[in-house]
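Below: the structure, in C-alpha cells.
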Amino acid sequence: MVNVQPGVIDSPQEHLDLVCLNATPKRSATLRSALQRLSEEATRLMDQHLASGLTVTIGFGTAFVDTCSATRRPKALRAMPRFKGDEYDPAEAQADLVMQICSNLKFANHIAGKTLLGGLGGVFEAKAHHQGFIFPGTRGVLGFIDGTANPASEDRPNVVLIGDADPSFRDGSYMAFRKIREDVPAWDKLSLKAQEDAVGRRKVDSAEYPDAPTTSHKKKSDVKLAGREMKIYRRSYPFWSLFESGLLFICYQADLGQYEAIKKSMIGVARGGHDRLEDFYHTVEGGYYFMPPRPKNRGEFIGDFLFR
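Laid out in C-alpha cells, this is it:
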C-alpha cells in the first residue's frame, strides 16, 4: 500500500481551492510548530468532512526547502523555469507553501481553508488564492474534455510517486502548477474542424483521429525520451469569472523532468511547429512544489523532514 497524501493520485473532486503562502518568520521552531498544527488540522478536517470527499494536500517550494534544510531535500525539486510565452516571472510567483483543498461541496472547501489559515497564526501569509470547479462532462472552457490521456487509477502510482530513485522521499510526488488564461473569444471564432485539428481529438467524444496535424495538442504532448513515454497525471480545474477564464493546470509526477519534456515539446518547433493550443494560452502564474508522503508514525507531520 502506498503512503501518499490524499489528493495526489485520487480522481478530482468537484471543487478546488489552491492556496499559495509564504513564510513570515525565519525561526525554525515557529515554522515547525505551525506545520505540525497544519498537518494535524488537515487530518482532523478530512475526517470531519468524509461525506464531501474533502482532501487537503500540502507541498513546499524549493527556496523554502533550502532555507529550512540544506542537507535533506528531494533530489528532483527545483525552481520552475520561464518557458517560452510565459507572461509572468516564475521567481516572483513561486510560493513557500501550497495547500490544495478539494471536495465535492464548496462549503467544505471554505470551512477547511478558513480553519487552516487561521491555525497558522500568521506564521505563513497568503500570497494567492485560486478557485476552480469541474464542468459537466469534465470539459474545459474551450469545450473539449480535459484529461482524456490520464493514466488509469492502477497506473497512477508508477507515474506519480517517487520510488527507488529517491528512497528517502518514497511515495512523495511533485506538483507543477500553471494558471492559464484562455482566449475563448478567439477560440470560438475557429471552425469545428480547426478546433479539432488544434486539439487532435473530436469535440463530441474526445476520440483521437490519426490524421490530426503534427502540431495538435495530442501529438505535441505525446513525448518519448530514450524510448520511454513521458507521462503525467493531470488534476486540473477550469476557472471562470466575469473577467477571465481558463485552466488551473495541476499535474503530478515522480520527477519534474516528465512534465518539462512534454512542455518543451509543446513550445518547440520540431515536427512542424509549436502546439496549436499555445496560441490561445496566456500563462500568468505558476510554480513547482514537492508534496511529501503521508506521515506514517506517531509524532510525524507533513514537512517534518525540513527540521531533521
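Each residue of the sequence shown is one higher than the one before, starting from 59 at the first, in my numbering.
We put the CB at the ideal spot given by N, CA and C, even for glycine.
Keep in mind the model is a prediction, meaning the values are calculated, not measured.
Nearest to residue i (by Cα), restricted to the options the options
i    : options                   : result
C380 : G65, G357 and K322        : Within the shown structure, residues of the chain are numbered from 59 to 366, placing residue 380 beyond reach of any answer.
A81  : L175, S299, K237 and M324 : L175
A137 : C126, T120 and A207       : T120
G331 : D75, P271, N355 and G117  : P271
D144 : S97, E240, L364 and R292  : E240
A328 : K278, T101, G345 and R292 : K278
G201 : R352, W245, M59 and K322  : W245
G392 : S299, S69, P243 and H275  : Since the first residue shown for the chain is 59 and the last is 366, residue 392 is missing from the structure and cannot be characterised.
E318 : L300, Y295 and L283       : L283
L93  : H107, T115 and D105       : T115
A252 : T273, R236, A153 and T129 : T273
L155 : L89, V262 and I290        : L89
G345 : I290, E212 and R236       : R236
R366 : H73, T129 and M59         : T129
I290 : K321, C126 and R131       : K321
L248 : D337, L300 and S264       : D337
V281 : P296, D255 and D333       : D333
K133 : D362, V342, G315 and K276 : G315
I169 : D255, K142 and H107       : H107
P225 : S127, L74, R131 and L96   : R131
N162 : E72, H275 and G171        : E72
R95  : S127, V123, L74 and T173  : T173
V262 : R228, I203 and E287       : I203
A223 : L135, H188 and F191       : L135
V123 : K276, K84 and S303        : K84
P215 : Q311, D75, S91 and M104   : Q311
Rounded separation between residue i and residue j - CA only
i    : j    : result
A186 : V77  : 6 Å
G326 : E266 : 22 Å
G179 : T113 : 22 Å
P194 : E358 : 39 Å
A151 : L306 : 14 Å
C309 : A87  : 32 Å
Q158 : A234 : 12 Å
V62  : P350 : 8 Å
K354 : I360 : 10 Å
P209 : L219 : 13 Å
L60  : S323 : Position check: residue 60 holds Val in this sequence, whereas Leu was assumed. About 31 Å.
D313 : F182 : 27 Å
N167 : P243 : 31 Å
R356 : G177 : 21 Å
G117 : F348 : 5 Å
Y339 : P296 : 13 Å
R292 : G205 : 6 Å
F363 : Y232 : 16 Å
A184 : D269 : 47 Å
G230 : E254 : 36 Å
E343 : P139 : 12 Å
Which residues DSSP lists as bridging residue i, in chain order
i    : result
A184 : L79
C309 : A234 and R292
R286 : L283
H332 : Note: H332 sits in no beta bridge, so no partner.
E266 : R259
E343 : K237
Residue i, DSSP secondary structure in three states
i    : result
I159 : strand
P296 : strand
T196 : helix
F338 : helix
S274 : coil
F348 : strand
G4   : The chain is shown only over 59 to 366; residue 4 falls outside these bounds and no answer can be derived.
G190 : strand
L175 : helix
L135 : coil
E145 : coil
E72  : coil
F359 : coil
V62  : coil
K164 : helix
K354 : coil
S323 : helix
I67  : coil
D124 : helix
Practice item. For the region 83 to 120, list the alpha helix (DSSP H) runs that are entirely contained and at least 4 residues long, ordered along the chain. Key: 86 to 106
Check your understanding: Considering only residues of the region 200 to 259, which uninterrupted alpha helix (DSSP H) runs meet the minimum length of 4 residues and lie entirely inside it, listed in chain order?
Key -> 214 to 218, 242 to 246 and 250 to 257
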